[in-house]
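Going by my numbering, the sequence shown opens with residue 83, and the numbers climb by one from there.
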Amino acid sequence: MNQTLVLYRSKYGAAKKYAELLRAQTGCTVCEAARADALSFEPYRCIVFIGGIYASGIAGLSTLRRHLGRLQGKRVAVFAVGASPADEKALAALKAHNMKGPLQDIPLFYGRGAWNEQAMTFKDRTLCRLLRKAVSRKDPGACEPWEAALMEAGGSACDWTDPAYLEPLAAFLAAERP
Ligand SMILES: Cc1cc2nc3c(=O)[nH]c(=O)nc-3n(C[C@H](O)[C@H](O)[C@H](O)COP(=O)(O)O)c2cc1C
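Below, the structure written as structure tokens:
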């Protein structure tokens with residue numbers, strides 16, 4: 083039996099897509115993070131949290147924090163999914179913002195997600211439009227990488243998901259197998 087459990091949190095499908103790609107590649111078990119309370123972690127050696135990034139926060143980390151006690155002795159990794167191009171500086175900022183205190187030693191991986199304003203909730207779409215307006219007044223050099231991606235996307239749908247983003251995580255998981 084594959085001993086990896088993947089818990090994902092996805093609003094618009096990209097984080098779920100990466101979880102399912104990982105299942106196809108490795109045979110891991112995949113489940114929504116919201117169902118973690120009802121799951122036994124006992125059979126698994128590795129637990130991976132995959133979550134979309136919204137306003138700089140990685141979704142699903144509250145579940146990770148709540149279950150830290152049950153993760154003792156297991157290998158844990160986080161795979162964040164955002165609009166920003168993969169870039170060392172952006173990843174360092176993401177880590178500093180999200181992986182604090184007891185999460186600081188957990189490896190963080192990153193994959194680029196998708197962007198479709200038409201599919202967003204009214205609240206998210208409004209937020210993104212307001213943000214695009216605010217960013218358009220900014221000096222381009224002062225934009226966050228994901229803000230630049232949002233400007234580049236304009237109002238159109240973009241899908242930057244790519245299985246290649248999973249390679250470093252898959253290598254990490256393979257190194258953990260007996
Ligand atoms: C309201 C909102 C805020 C977002 N904030 C960020 C952000 O801070 N950084 C980033 O890289 N991407 C950001 N994004 C883009 C999402 O991370 C991207 O769409 C990703 O695919 C979301 O995962 P999901 O498709 O599984 O929901 C944001 C998207 C929305 C709708």
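By construction, the Cβ of each residue, glycine as well, lies at the ideal position given by its N, Cα and C atoms.
Model, not experiment: these values are computed from the prediction.
Separation of the CB atoms of Y136 and A168 is rounded to 18 Å, and the pair is thereby denied contact status at 8 Å. Taking the Cβ atoms as the reference, Q154 lies roughly 15 Å from P125, outside the contact range of under 8 Å.
Annotation: the continuous alpha helix (DSSP H) that includes F204 extends over F204 to S218. Residue nearest to P227 within the set R214, L104 and S238 is R214 (criterion: CA-CA distance).
Relative to ligand 1, the beta carbon of A230 is positioned no closer than 8 Å to any heavy atom. If you look at Y100, you'll find it in the alpha helix (DSSP H) that goes A96 to T108. Setting aside the 5 residues that flank it on each side, A201 is surrounded in the same chain by Y94, each with a C-beta closer than 7 Å to its C-beta; the list follows chain order. A120 is classed as exposed because its beta carbon has fewer than 16 other beta carbons within 10 Å across all chains shown. Around the Cβ of S92, a 10 Å sphere holds 16 or more other Cβ atoms; the residue is buried. The three-state secondary structure of F191, taken from DSSP, is strand. In terms of Cα proximity to C240, the closest of Y90, A96, K177 and V112 is A96. Out of A165, H149 and F161, the CA that lies nearest to the CA of L103 is found in F161. Relative to the non-hydrogen atoms of ligand 1, the Cβ of K182 never comes closer than 8 Å to any of them. By DSSP's assignment, D241 forms a beta bridge with A196.
DSSP places L87 within a strand segment (E or B) once states are collapsed to three.
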